[in-house]
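Using our numbering, the letters of the sequence shown map in sequence onto residues 1 to 264. Taking it in order: structure first as structure tokens, then the write-up.
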Amino acid sequence: MANLELLREARFGEIGVKIYEDRSDASVSVARRIANLIKQRQSESKMAVLGLATGATPVKVYEELIRLHQEEGLSFRNVISFNLDEYFPMQPDSKHSYVEFMKHNLFAHIDILPENIHIPDGTLKEEDVEKYCEEYENKIEEVGGIDFQLLGIGRTGHIGFNEPGSSADSLTRMVVLNDVTRTDAAGGFGGKENVPTKAITMGVGSVFKAKAIVLMAWGESKAEIVKHALEGEVSSNVPATFLQHAKGVEFVLDKEAAALLAAS
Ligand code: PGA
Numbered sequence: 001m002a003n004l005e006l007l008r009e010a011r012f013g014e015i016g017v018k019i020y021e022d023r024s025d026a027s028v029s030v031a032r033r034i035a036n037l038i039k040q041r042q043s044e045s046k047m048a049v050l051g052l053a054t055g056a057t058p059v060k061v062y063e064e065l066i067r068l069h070q071e072e073g074l075s076f077r078n079v080i081s082f083n084l085d086e087y088f089p090m091q092p093d094s095k096h097s098y099v100e101f102m103k104h105n106l107f108a109h110i111d112i113l114p115e116n117i118h119i120p121d122g123t124l125k126e127e128d129v130e131k132y133c134e135e136y137e138n139k140i141e142e143v144g145g146i147d148f149q150l151l152g153i154g155r156t157g158h159i160g161f162n163e164p165g166s167s168a169d170s171l172t173r174m175v176v177l178n179d180v181t182r183t184d185a186a187g188g189f190g191g192k193e194n195v196p197t198k199a200i201t202m203g204v205g206s207v208f209k210a211k212a213i214v215l216m217a218w219g220e221s222k223a224e225i226v227k228h229a230l231e232g233e234v235s236s237n238v239p240a241t242f243l244q245h246a247k248g249v250e251f252v253l254d255k256e257a258a259a260l261l262a263a264s
């Protein structure tokens with residue numbers, strides 16, 4: 001197995017931070033951690049419950065998980081997954097949907113059972129969303145809670161689609177997307193006007209119930225928000241700062257995303 005270039009480990013309060021030479025090594029390290037969890041659960045004949053994220057950040061983690069499945073026989077038949085969020089409204093077969101993203105980037109290439117995959121439903125009638133969100137929370141609890149939650153971070157400091165103003169105990173719900181978030185998504189949608197204005201997202205409180213949380217961030221454009229998340233005052237203006245009060249949180253960064261941290 002290739003050695004991964006871990007440049008530095010640090011602690012910011014309760015949060016452990018691992019800084020890698022590049023995002024590829026960082027992603028492989030996170031994929032190995034997920035694989036180890038899955039295998040450990042297999043040895044106990046138990047399910048592993050994963051909280052999964054979309055966006056550019058986790059793509060290489062998923063690539064490595066696919067490689068581990070195809071080349072090293074890692075099975076996902078004991079995995080239950082819950083995705084963080086989905087645009088609203090959104091048809092699952094749209095190229096913009098997170099259903100399509102997950103299929104393309106992970107699920108179509110591994111042996112996870114379709115009935116074990118959960119992604120918020122962007123096709124609901126608005127009046128049915130609240131009940132659906134409650135059921136999403138209940139399903140997570142019924143399977144024993146999330147063992148490992150993967151997170152990216154938006155430039156607004158959102159986790160999932162918990163935009164500024166989200167509270168620390170927020171649960172799965174419909175939210176209105178922030179302007180910065182819609183601007184960042186505009187490229188993929190061929191213009192900001194095509195980006196949905198709403199989404200269904202797991203809440204900050206839902207994420208915090210996970211037994212382990214890994215937030216990943218790559219590149220210079222994330223350096224400022226990473227610094228704020230780790231060193232800034234805890235506030236709903238930057239929901240990622242709430243992670244300073246959560247248990248079992250690790251940040252996995254490349255050196256560019258870590259460049260502004262105090263001890264770097
Ligand atoms: P990205 O998005 O992975 O595409 O950078 C992260 C996020 O907005 O949470």
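Idealized CB from N, CA, C, for every residue including glycine.
Could you check whether the Cβ of K139 sits closer than 8 Å to any heavy atom belonging to ligand 1? no
Measure the CB-CB distance between A240 and G157 and report whether it falls below 9 Å. yes
Does the distance from the C-beta atom of I112 to that of V59 stay below 9 Å? no
So, at 8 Å on beta carbons, what are the nonlocal neighbours of R11 in its own chain, with the 5 sequence-adjacent residues on each side left out? V17
To the nearest angstrom, how far is it from the Cα of R23 to the Cα of K125? 39 Å
Can you tell me whether T183 is helix, strand or coil according to DSSP? helix
Same chain, Cβ closer than 8 Å to S166, five either side skipped, listed in chain order: H158, V175, G203, V204, S236, P239
With the cut-off set at 9 Å, would you say K95 and H118 are in Cβ contact? no
Cα-Cα, which of T201, T181, E21, F208 is closest to V195? T181
Could you tell me if the beta carbon of K60 falls within a distance shorter than 8 Å of some heavy atom in ligand 1? no
Can you give me the Cβ contacts of G232 inside the same chain, cut-off strictly under 8 Å, excluding the 5 residues immediately before and after it? V238, T241
Residues in the same chain with beta-carbon distance under 7 Å from E64, minus the five sequence neighbours each way, listed in chain order, please. S27, V28, A31
Can you find at least 3 beta carbon pairs, one from the region 144-157 and one from the region 211-228, that sit closer than 8 Å? yes
Whole runs of the beta strand (DSSP E) within the region 77-117, excluding any shorter than 3 residues: 79-83, 85-88
Can you pull every residue whose C-beta falls closer than 5 Å to some heavy atom of ligand 1, listed in chain order? G55, A56, T57, G152, G154
Rank I34, A262, H245, N83 by C-alpha distance to the C-alpha of E14 and give the top, closest one. H245
Taking 7 Å as the limit between beta carbons, can you name the residues of its chain near E137, skipping five residues before and five after? L171, T172, S206
Can you give the Cα-Cα distance for V99 and F189, rounded to whole angstroms? 16 Å
Over the uninterrupted beta strand (DSSP E) stretch that includes I15, give me the two end residues. 15-20
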